[in-house]
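In what follows, a single structure is set out as structure tokens and then discussed.
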Amino acid sequence: MNALRIQGLFFTSGAALVTLGSLWLGRLPPQVELIVVAVLILVLGVPHGALDTIFAKQLYSIRTLTGWLQFALLYVLLAALVVGLWLWQPGLFLLGFLIISAVHFSGDPLPPTPWPSRMLYGGSVILLPTLWHAPEIGRLFGLLVGDHTSSSLVPWLRLLAWPWLAGLTVSLLWQIRRDIWTSLEIAAAGALALAAPPLVAFVVCFCGMHSSRHILRTMSFSGRSSWRYVAGAALLPMLGVLLGSGLAWGFLRDTAIDARVIQVVFVGLAALTVPHMVLVERVRLSGWTRKMPD
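Under this note's numbering, the sequence shown has 1303 at position 16, and the numbering climbs by one with no breaks.
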């Protein structure tokens, strides 16, 4: 059993435990939960995107300081455009963020998972929490983009979630006869999205599945198995993320603490996701197979 399968088993087991705990045990106070989730996203989730330097180096043969400065400038420019969209059209920002997140998460299942199952999996992380937790989703979206936009969007997401759940169930019945391990991963993510508090479900899927699997795939793609190499590649980008987060925190100093945490974390994630996808999706669609010599 390879590293990705082992990681999938850890995710499935962890997601099942969190799901059962959410059903049987009490939850943390909302503000404590929010802070814990934010820290986990920063420490365990964001670093996978900081490895984009590995892809840039191998795909575009960036070697010089000028090349790296140009890459960083384009990356930051794309991220800044996303932040500008949030400030200008928060509703369009949120809708776009949800769509690209679903598409991006659809890359998590291992081959040969067919694309309908992938899309149903990716969308389930976004849509299924609205079935049991619509008021909380509405509150969180309200902190991010305002109550008016949130109240307009959440009912439509909840309406779409029912056929999405039906489609996910059908895809699982089809998939389980072909790949039991991927089926368990998808089922665990779906159950987690239904039962756990929305932020908890997101952080388990984002960190436990998406980020950890991406890191393993990046190591395989680069041909380097050293964790020291991975940490070195992520160091400067993570320092940039911390600097940007600090500036955003100061910019939003007059915003209530809950809204400030949500906005810094999720606007930041959206801003980083767009250039990350521009760089990485071509590799994902090629099957994570393209390599170039150092």
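Glycine residues also receive a C-beta, built at the ideal position from the N, C-alpha and C atoms.
Whole-angstrom distance between Gln-1357 and Asp-1581, CA atom to CA atom: Interpretation of Asp-1581 is limited by its pLDDT of 41, a score under 50 that renders its predicted location unreliable; the figure taken from the coordinates is listed afterwards. If you take the alpha carbons of Asp-1581 and Gln-1357, they lie about 20 Å apart.
Whole-angstrom distance between Gly-1378 and Asp-1434, CA atom to CA atom: Cα to Cα, Asp-1434 sits roughly 10 Å from Gly-1378.
By the 10 Å Cβ neighbour count, where 16 or more other Cβ atoms means buried, how is Val-1326 classified, buried or exposed? Val-1326 counts as exposed, since fewer than 16 other C-beta atoms from the protein chains shown sit within 10 angstroms of its C-beta.
Measure the alpha-carbon distance for Ser-1507 versus Leu-1430 and round it to whole angstroms. Those two C-alpha atoms are separated by around 39 Å.
How should Trp-1375 be labelled, buried or exposed, when 16 other C-beta atoms within 10 angstroms of its C-beta is the threshold for buried? Burial call: exposed.
Given a threshold of 16 other Cβ atoms within 10 Å of its Cβ, counted over all protein chains shown, does Ala-1589 qualify as buried or as exposed? As shown, the chain starts at 1288 and ends at 1581. That puts residue 1589 outside it, with no answer to give.
Looking at the structure shown, is Asp-1466 part of a helix, part of a strand, or coil, going by DSSP? In the structure shown, the three-state DSSP call for Asp-1466 is coil.
For the pair the region 1329-1341 and the region 1549-1569, tell me if three or more CB-CB distances fall below 8 Å. Judged by pairs of C-beta atoms under 8 Å, the region 1329-1341 touches the region 1549-1569, as three or more such pairs exist.
To the nearest angstrom, report how far apart Arg-1571 and Val-1491 are at their CA atoms. Answer to the nearest angstrom: the Cα atoms are 22 Å apart.
Proximity below 8 Å, CB of Leu-1486 to CB of Trp-1451: No, the pair does not count as a contact, with Cβ atoms beyond the cut-off.
Whose CA, out of Ser-1573, Arg-1569, Gly-1574 and Ala-1535, lies closest to the CA of Gly-1371? Residue Ala-1535 is the option with its Cα nearest to Gly-1371.
I'd like the list of long-range same chain contacts for Ser-1532, defined as Cβ closer than 8 Å, with 5 residues on each side in sequence excluded. Short of 8 Å from the beta carbon of Ser-1532, and not among the five residues preceding or following it, lie these beta carbons of its own chain, in chain order: Leu-1329, Val-1551 and Gly-1555.
Our contact map puts Leu-1653 next to Val-1548 with C-beta atoms below 8 Å; I'd like the distance itself, whole angstroms only. Not covered by the structure: residue 1653. The range shown for the chain is 1288 to 1581.
Excluding the 5 residues flanking Leu-1471 on each side, which residues of the same chain have their C-beta closer than 7 Å to its C-beta? Same-chain partners within the cutoff: Thr-1299.
Determine, for Val-1551, whether the minimum Cβ-Cβ distance to residues of chain B falls below 8 Å. The chain inventory of the structure shown lacks chain B, comprising one protein chain alone.
Best match in Asp-1545, Thr-1400 and Ser-1498 for proximity to Arg-1464 [C-alpha to C-alpha]: Checking every option, the nearest Cα to that of Arg-1464 belongs to Thr-1400.
How long is the line joining the alpha carbons of Ala-1302 and Leu-1481, rounded to whole angstroms? Rounded to whole angstroms, Ala-1302 to Leu-1481 spans 12 Å at the Cα level.
Expressed to the nearest angstrom, what Euclidean distance is found between the alpha-carbon atoms of Met-1579 and Ser-1498? Any reading at Met-1579 must be qualified, since the residue scores a pLDDT of 44, below 50, and its modelled position is unreliable; no value is offered.
What residue from Leu-1291, Pro-1398, Ala-1483 and Trp-1461 has the CA that sits closest to Thr-1306's CA? Considering only alpha carbons, the answer is Ala-1483.
Chain-order list of residues whose beta-carbon lies under 8 Å from that of Ala-1544 (same chain, five-residue window excluded): The question names Ala, yet the displayed sequence has Ile at residue 1544. Listed in chain order, the non-local C-beta contacts of Ile-1544 below 8 Å within the same chain comprise Gln-1318, local neighbours out to five positions each way being set aside.
Mind reading off the beta-carbon distance from Arg-1500 to Gln-1294? Whole number of angstroms is fine, and I expect it under 8 Å. Indeed, because the Cβ distance is near 6 Å, the residues count as touching under 8 Å.
Inspect the beta-carbon positions of Tyr-1408 and Pro-1416 and report whether they are closer than 8 Å. Against a cut-off of 8 Å, the Cβ pair of Pro-1416 and Tyr-1408 comes out as no contact.
Runs of alpha helix (DSSP H) lying entirely within the region 1470-1549, each at least 4 residues, in chain order: As far as the region 1470-1549 is concerned, its whole alpha helix (DSSP H) runs of at least 4 residues are 1485-1490, 1499-1509, 1514-1538 and 1544-1549.
In this structure, does DSSP put Pro-1399 in helix, strand or coil? Reduced to three states, the DSSP call for Pro-1399 is coil.
If you count every other CB in all the chains shown that lies within 10 Å of the CB of Thr-1353, and 16 or more means buried, which is it? Counting the other CB atoms within 10 Å of its CB gives Thr-1353 a total below 16, which places it among the exposed residues.
Going by C-alpha to C-alpha distance, which of Leu-1446, Asn-1289 and Ser-1439 sits closest to Leu-1418? Comparing Cα-Cα distances from Leu-1418 to each of Leu-1446, Asn-1289 and Ser-1439, the minimum goes to Leu-1446.
Whole-number beta carbon distance between Met-1525 and Ile-1387, since they are thought to touch under 8 Å: So it is not a contact: roughly 22 Å between Cβ atoms.
Proximity below 8 Å, CB of Gly-1574 to CB of Pro-1403: No, Cβ-Cβ distance for Gly-1574 and Pro-1403 is not below 8 Å.
Pull up the distance between the alpha-carbon of Leu-1361 and that of Ile-1349, whole angstroms please. Distance from the CA of Leu-1361 to the CA of Ile-1349, rounded to the nearest whole angstrom, comes to 14 Å.
Can you check whether the CB of Gly-1425 is closer than 8 Å to the CB of Ser-1438? In this structure, Gly-1425 lies closer than 8 Å to Ser-1438 by Cβ.
Taking the continuous alpha helix (DSSP H) assigned at Thr-1340, which residues delimit it? Under the DSSP assignment, Thr-1340 falls in the alpha helix (DSSP H) whose first and last residues are 1339-1347.
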